[in-house]
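J.: Chains as they are written, first to last, in the working numbering: chain A, 1 to 251; chain B, 252 to 427. The C-beta atom is built at its ideal place from N, Cα and C for all residues, glycine as well. Here it is, the structure, as structure tokens.
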């Protein structure tokens, strides 16, 4: 009995098998597999340049929105504080009308200093007068940067009887501001600022202040002189005044 | 494959070009074109997915056909027939299965008809025997490598091959 040398290999069978037409996988399958292999190895291709800025802006959108929200919130809080003070103004005005002019003379030094400090608070809101009458118009205006309204202008709008009531000038200024729209233009603000600076200088010493009051009186500006006199008395309540000077502080 | 693991996609293209035909025919002659395409794609995608962790533990061809064999067995198990009996280590039908009825020498009168006859005989072989023949002829694996790829013993592979060749010779008797 003869057996092939290698029973597990038949060369004729192998040759016949190799003669079978070689079937290949379809082209679409090749492409699909090669694409999958390439995707696995290579990183994701960068986005087109036109798309990148969008992503960047989207990345910054949230912080930018937060910052804008914070700025707006601060502005609104400040505005609410100011409008809250304004909301109390009618009651103060009522108190002002019922107060007698002689109450200024009855004020204790501490009350005078309170009025003085109230005047100090009065300057920031007065600065917002450069904006339209509505307080919502310029919530972000820094108070320190705006020029203060001169005292003489305030005195012109002040009822002489009410001026000596001892009420803080700030309240009066807030309530009377809409009555003087012609003072809101830029030229007026510049001249008012210059005048205020001049007054700030003569207010440094009581003598120069009194001289200024006397000068106003000589010029016939009695209302301004009276207003300055009242202001002088608030600043220097114990300063000995001559009769002529003392008259300037009286209404 | 090591080059592909290191990021050279062109290396994969070369690898694919070398092995795609034999692997496709290995699958095609066991489960038809539709399933073969599906399994072929799954095998390659599995290989691609295993790229990062690839280490040289065996010949690449053995590893590739090991993946293909496992996927084929999964396919058999998922089918209604289940895993064919011929995959059993001690398959009793190896020696008792009769030769193909159409194995008539006069049919194989020319080369083309001989190849057609060979394909028909292959299709009639038990699955495990057919797989052993295909791994030997298409992939060019040795006995040991077929044993590794199919997860069986060397002697089992030897028996499967011996019976398969005997049946093919019997079917092609007179033509060879």
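1. If we count Cβ pairs, one from each stretch, closer than 8 Å, do we get three or more for the stretch 375-392 of chain B versus the stretch 286-293 of chain B?
2. Which runs of the alpha helix (DSSP H) spanning at least 4 residues fall entirely within the stretch 364-407 of chain B, listed in chain order?
3. Can you tell me whether residue 365 of chain B is buried or exposed? The criterion is at least 16 other CB atoms within 10 Å of its CB, across all chains shown.
4. Using beta-carbon positions only, say whether residue 36 of chain A and residue 296 of chain B come within less than 7 Å of one another.
5. Using the Cα positions of residue 252 of chain B and residue 298 of chain B, report the straight-line distance between them to the nearest angstrom.
6. Straight-line CA distance for residue 113 of chain A to residue 235 of chain A?
7. Quick check: what's the CA-CA separation for residue 428 of chain B versus residue 15 of chain A?
8. Might you give, ordered along the chain, the residues of its own chain that have their beta carbon closer than 7 Å to the beta carbon of residue 502 of chain B, omitting 5 neighbours on each side?
9. Mind listing which residues of the stretch 299-311 of chain B have their C-beta closer than 8 Å to chain A's C-betas, in chain order?
10. With H, G and I counted as helix, E and B as strand and the rest as coil, what does DSSP make of residue 422 of chain B?
11. Is there a Cβ of chain B sitting closer than 7 Å to that of residue 15 of chain A, yes or no?
12. Please confirm whether residue 365 of chain B has its beta-carbon closer than 7 Å to some beta-carbon of chain A.
13. DSSP state of residue 238 of chain A, grouped into three classes?
14. Decide yes or no for the touch test of the stretch 63-80 of chain A against the stretch 324-338 of chain B: beta carbon pairs closer than 8 Å, at least 3 of them.
15. Contact check, residue 398 of chain B vs residue 408 of chain B under 8 Å by CB: the rounded distance?
16. Under 7 Å between C-beta atoms, does residue 24 of chain A make it to chain B?
17. Quick one: what's got a C-beta closer than 7 Å to residue 263 of chain B's C-beta in the same chain, skipping five residues either side?
18. Taking only the alpha-carbon atoms, compute the straight-line gap between residue 440 of chain B and residue 378 of chain B and give it to the nearest angstrom.
19. Determine the direct distance from the alpha carbon of residue 315 of chain B to that of residue 30 of chain A, and round the result to whole angstroms.
20. According to DSSP, is residue 285 of chain B part of a helix, a strand, or is it coil?
21. Using CA atoms only, rank isn't needed, just tell me which of B:278, B:376, B:422 and B:371 is closest to residue 317 of chain B.
22. The alpha helix (DSSP H) that contains residue 307 of chain B, what's its start and end?
23. In angstroms with no decimal places, state the Cα-to-Cα distance between residue 401 of chain B and residue 307 of chain B.
24. Counting only beta-carbon atoms, is residue 67 of chain A nearer than 7 Å to chain B?
25. Whole angstroms is fine: what's the gap from residue 368 of chain B's alpha carbon to residue 423 of chain B's?
26. Are the CB atoms of residue 213 of chain A and residue 228 of chain A nearer to each other than 7 Å?
27. Cβ closer than 9 Å: which chain B residues qualify as neighbours of residue 42 of chain A?
28. Looking at the structure shown, is residue 73 of chain A part of a helix, part of a strand, or coil, going by DSSP?
29. DSSP on residue 20 of chain A, reduced to helix/strand/coil?
30. May I have the straight-line CA-CA distance separating residue 76 of chain A from residue 60 of chain A, to the nearest angstrom?
31. Report the neighbours of residue 277 of chain B on chain A: residues whose CB is nearer than 9 Å to its CB, in chain order.
32. Put residue 355 of chain B into one of helix, strand or coil per three-state DSSP.
33. In whole angstroms, give me the CA-to-CA distance for residue 417 of chain B and residue 269 of chain B.
T.: Answer, in terms of the structure:
1. A contact is defined here as three or more CB-CB pairs under 8 Å, and the stretch 375-392 of chain B fails this definition with respect to the stretch 286-293 of chain B.
2. Listed in chain order, they are 378-388 and 394-401.
3. Counting Cβ neighbours within 10 Å, residue 365 of chain B comes out buried, since at least 16 surround it.
4. Yes.
5. A straight line joining the alpha-carbon of residue 252 of chain B with that of residue 298 of chain B spans about 10 Å.
6. Confidence at residue 113 of chain A is low in this model, with a pLDDT of 44, below 50, so the placement of that residue should be treated as unreliable; the coordinate-derived value is given next. Whole-angstrom Cα-Cα distance: 8 Å.
7. No statement about residue 428 of chain B is possible, as the shown extent of chain B runs from 252 to 427 and does not include it.
8. Any question about residue 502 of chain B goes unanswered here, given that chain B covers just 252 to 427.
9. Closer than 8 Å at the C-beta level to chain A, one finds these residues of the stretch 299-311 of chain B: 299, 300 and 302.
10. Here residue 422 of chain B sits in helix by DSSP.
11. So no, residue 15 of chain A is outside the interface.
12. Chain A places a beta carbon closer than 7 Å to that of residue 365 of chain B, counting this residue as a contact.
13. Under the three-state reduction of DSSP output, residue 238 of chain A falls in the coil class, being neither helix nor strand.
14. Under the 8 Å Cβ criterion, the stretch 63-80 of chain A does not count as touching the stretch 324-338 of chain B, having fewer than three qualifying pairs.
15. The distance from the Cβ of residue 398 of chain B to that of residue 408 of chain B is about 5 Å, consistent with a contact at the 8 Å cut-off.
16. It does; some Cβ of chain B falls within 7 Å.
17. Beyond the five residues adjoining it in sequence on each side, residue 263 of chain B comes within less than 7 Å, by CB distance, of 255 in the same chain, given in chain order.
18. The shown model of chain B, from 252 to 427, leaves out residue 440 of chain B, and the question about it has no answer.
19. Those two C-alpha atoms are separated by around 17 Å.
20. Residue state for residue 285 of chain B is assigned as helix, using DSSP reduced to three classes.
21. Comparing Cα-Cα distances from residue 317 of chain B to each of B:278, B:376, B:422 and B:371, the minimum goes to B:278.
22. In the DSSP assignment, residue 307 of chain B falls outside any alpha helix (DSSP H) and carries neither an H nor an E.
23. Near 18 Å, if we compare the C-alpha coordinates of residue 307 of chain B and residue 401 of chain B.
24. Chain B contact via Cβ: absent.
25. About 7 Å.
26. Cβ atoms of residue 213 of chain A and residue 228 of chain A: closer than 7 Å.
27. The contacting residues are 258 and 260.
28. Here residue 73 of chain A carries a helix assignment [DSSP, helix/strand/coil].
29. Residue 20 of chain A falls in the coil class under three-state DSSP.
30. Rounded to the nearest angstrom, the two C-alpha atoms are 24 Å apart.
31. The contacting residues do not exist; residue 277 of chain B stays about 11 Å from chain A at best.
32. Note that residue 355 of chain B scores a pLDDT of 49, beneath 50, so its modelled location is shaky and nothing firm can be said.
33. A direct Cα-Cα distance of roughly 30 Å separates residue 417 of chain B from residue 269 of chain B.
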